[in-house]
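Colleague: Please see the structure below; I have some questions.
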Amino acid sequence: MGWCSCINLFPPSCQLSELKSTMYERQKKLFDSCQRASKVVAYRLKTPPYKLDALEPYMSQRTLELHWGGHHRQYLEYLNRALGKNDILYGCTIDELVKVTYNNGSPLPEFNNAAQFWNHDFFWESMQPGGGKMPELGVLQQIEKDFGSFNNFKEKFVETALTTFGSGWVWLVLKKEERRLEVVKTSNAVTPLVWDDIPIINLDMWEHAYYLDYKGDREEYVKAFMDHLVSWNAAMSRMGRAEAFVNLGEPKIPVA
Ligand SMILES: [Fe+2]
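The opening position of the sequence shown corresponds to residue 4 in our numbering, with each subsequent residue numbered one higher.
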């Protein structure tokens, strides 16, 4: 089966010779790499990198049980079930699957569960017991360079989170083209991966993330994340890896 028709990225009459835009070429490369990879039987649920009670009192064990053990697990089960009916998409890494199923802004049915599965893995690893406080070394210097000060960054992150309407995510991302950090928000399952940004930190702004611990007080939830939960160690590792793709110049981010 040809690439054009199997995942409906183009009208059935499309020809490979018509694939002129960079975006479509990128989608095709991603899809081809999925096809060359050894077949993935099913995606699996990873445990967070700490015990489920380790983020208390800022995020309760009950929330982790419901959020990771319930919602995150359900996204995965729905994804595996959907892929069972469409095995042409098997073989993708989860990052590739998210990008391919985003389908240049016309998402395929598998996108929401694939993206939410990826977003939550990234979220658990964006937190740590005893987190918050200040980043160090190159991450702090890059934040100061791009936001003016760490306090400016914090204010921007909190404001962006609190102006997220409905369900969504707030992110600290590294913009590849601009070679700078930026705070962005996305709706529902959308992740900056699909725009080829490099995520550094994310925060879940779906109600299921905070309702048990904070009821409707989103501001307390966001401040607790920033002051006590965010993992600047994870940010440092991710920034270090990102430097393989983005030349940030000075300061140099050390690989953790
Ligand atoms: Fe969530």
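Ideal Cβ placement from N, Cα and C applies to all residues, glycine included.
Taking residue 121 as the reference, give the member of 229, 162, 57 and 196 with the closest Cα.
Modeller: Within the sequence shown, numbered from 1, the residue matching residue 121 stands at position 118. That would be 196, whose Cα lies nearest to the Cα of residue 121.
Colleague: Give me the DSSP bridge partner(s) of residue 98.
Modeller: Walking along the sequence shown from the start, residue 98 turns up at place 95. Note: residue 98 sits in no beta bridge, so no partner.
Colleague: May I have the straight-line CA-CA distance separating residue 243 from residue 80, to the nearest angstrom?
Modeller: For this step, residue 243 is matched to residue 240 along the sequence shown. For this step, residue 80 is matched to residue 77 along the sequence shown. The straight-line gap from Cα to Cα measures roughly 32 Å.
Colleague: Would the region 203–221 count as touching the region 124–132 if we require 3 or more Cβ pairs under 8 Å?
Modeller: yes
Colleague: Check whether the region 98–115 and the region 209–221 are in contact - that is, three or more C-beta pairs closer than 8 Å.
Modeller: no
Colleague: Using a Cβ-Cβ cut-off of 8 Å (strictly less than) and excluding sequence neighbours within five positions of residue 249, which residues of its own chain qualify?
Modeller: Residue 249 sits at position 246 when you count from the first residue of the sequence shown. Correct list, in chain order: 177, 179, 182 and 201.
Colleague: Kindly provide the chain-ordered list of residues whose Cβ lies closer than 6 Å to any non-hydrogen atom of ligand 1.
Modeller: 70, 74, 123, 207, 209, 211 and 212
Colleague: Tell me whether residue 205 sits in a helix, a strand or coil according to DSSP, three-state version.
Modeller: Position 202 of the sequence shown, counted from the first residue, corresponds to residue 205. Of the three classes helix, strand and coil, the one that applies to residue 205 here is strand, per DSSP.
Colleague: Counting Cβ pairs, one atom from each stretch, are 3 or more of them under 8 Å apart for the region 214–221 and the region 182–193?
Modeller: no
Colleague: Would DSSP call residue 171 helix, strand or coil?
Modeller: Counted from its first residue, the sequence shown places residue 171 at position 168. Looking at residue 171 - three-state DSSP - the assignment turns out to be strand.
Colleague: Quick one: Cα of residue 72 to Cα of residue 155, how far?
Modeller: In the sequence shown, residue 72 corresponds to position 69, counting from 1. In the sequence shown, residue 155 corresponds to position 152, counting from 1. Near 35 Å, if we compare the C-alpha coordinates of residue 155 and residue 72.
Colleague: What's the call for residue 241, buried or exposed, on a 16-neighbour Cβ count within 10 Å?
Modeller: Taking the first residue of the sequence shown as position 1, residue 241 is located at position 238. It counts as buried.
Colleague: Touch check for the region 228–238 and the region 47–62: three-plus C-beta pairs under 8 Å?
Modeller: yes
Colleague: Measuring alpha carbon to alpha carbon, tell me which residue in 125, 222 and 110 is nearest residue 51.
Modeller: Here residue 51 refers to the residue found at position 48 when the sequence shown is read from its first residue. Comparing Cα positions, the closest option is 125.
Colleague: Quick one: using the 10 Å Cβ neighbour count with 16 as the cut-off for buried, is residue 137 buried or exposed?
Modeller: For the purposes of this step, residue 137 is taken as the residue at position 134 of the sequence shown. Burial call: exposed.
Colleague: Between which residues of its own chain and residue 57 is the CB-CB distance below 7 Å, once the five residues before and five after are set aside?
Modeller: Position 54 of the sequence shown holds residue 57. So the list reads 132, once near-sequence residues are dropped.
Colleague: What does DSSP give as the partner residues of residue 190 in its beta bridges?
Modeller: Here residue 190 refers to the residue found at position 187 of the sequence shown. 171.
Colleague: So, helix, strand or coil for residue 176, using DSSP?
Modeller: Start at 1 with the first residue of the sequence shown, and residue 176 comes out as number 173. In this structure, residue 176 counts as strand in the three-state DSSP scheme.
Colleague: Name the residue from 158, 189, 86 and 102 whose alpha carbon lies nearest to the alpha carbon of residue 168.
Modeller: As a working note, residue 168 is residue 165 in the sequence shown. For the residues 158, 189, 86 and 102, the minimum Cα distance to residue 168 belongs to 189.
Colleague: Assuming residue 194 contacts residue 101 (C-beta within less than 8 Å), just tell me the rounded distance between them.
Modeller: For the purposes of this step, residue 194 is identified with residue 191 of the sequence shown, where counting begins at 1. For the purposes of this step, residue 101 is identified with residue 98 of the sequence shown, where counting begins at 1. The Cβ separation is near 6 Å, so the contact holds.
Colleague: Would you tell me roughly how many angstroms separate the C-alpha atoms of residue 145 and residue 166, rounded to the nearest one?
Modeller: Locating residue 145 in the sequence shown gives position 142, where the first residue counts as 1. Locating residue 166 in the sequence shown gives position 163, where the first residue counts as 1. In a straight line, the C-alpha of residue 145 is about 25 Å away from that of residue 166.
Colleague: Excluding sequence positions up to five away, which residues of its chain have a Cβ less than 7 Å from the Cβ of residue 119?
Modeller: Taking the sequence shown and counting its residues from 1, one reaches residue 119 at position 116. Closer than 7 Å at the Cβ level, and outside the excluded window around residue 119, lie 78 and 192.
Colleague: Counting only the same chain and skipping the five closest in sequence on each side, list residues whose C-beta sits under 7 Å from that of residue 76.
Modeller: On the sequence shown, residue 76 is found 73 positions in, with the first residue counted as 1. Correct list, in chain order: 48.
Colleague: Mapping DSSP to helix, strand and coil, what is residue 143?
Modeller: Position 140 of the sequence shown, counted from the first residue, corresponds to residue 143. Residue 143 falls in the helix class under three-state DSSP.
Colleague: Taking all protein chains shown into account, do 16 or more other C-beta atoms lie within 10 angstroms of the C-beta of residue 222, making it buried, or fewer, making it exposed?
Modeller: Against the sequence shown, residue 222 aligns to sequence position 219. So residue 222 counts as exposed.
Colleague: Ignore the nearest five residues each way along the sequence and tell me which others in residue 251's own chain have a CB closer than 7 Å to its CB.
Modeller: The sequence position of residue 251 within the sequence shown is 248, counting from 1. Once the five neighbours on either side are set aside, the close Cβ partners of residue 251 are 145 and 182.
Colleague: Could you tell me if residue 245 is buried or exposed, where buried requires 16 or more neighbouring beta carbons within 10 angstroms of its beta carbon?
Modeller: Taking the sequence shown and counting its residues from 1, the one referred to as residue 245 is at position 242. With 16 or more other Cβ atoms within 10 Å, it is buried.
Colleague: Is DSSP giving residue 240 helix, strand or coil here?
Modeller: On the sequence shown, residue 240 is found 237 positions in, with the first residue counted as 1. Residue state, collapsed to three classes: helix.
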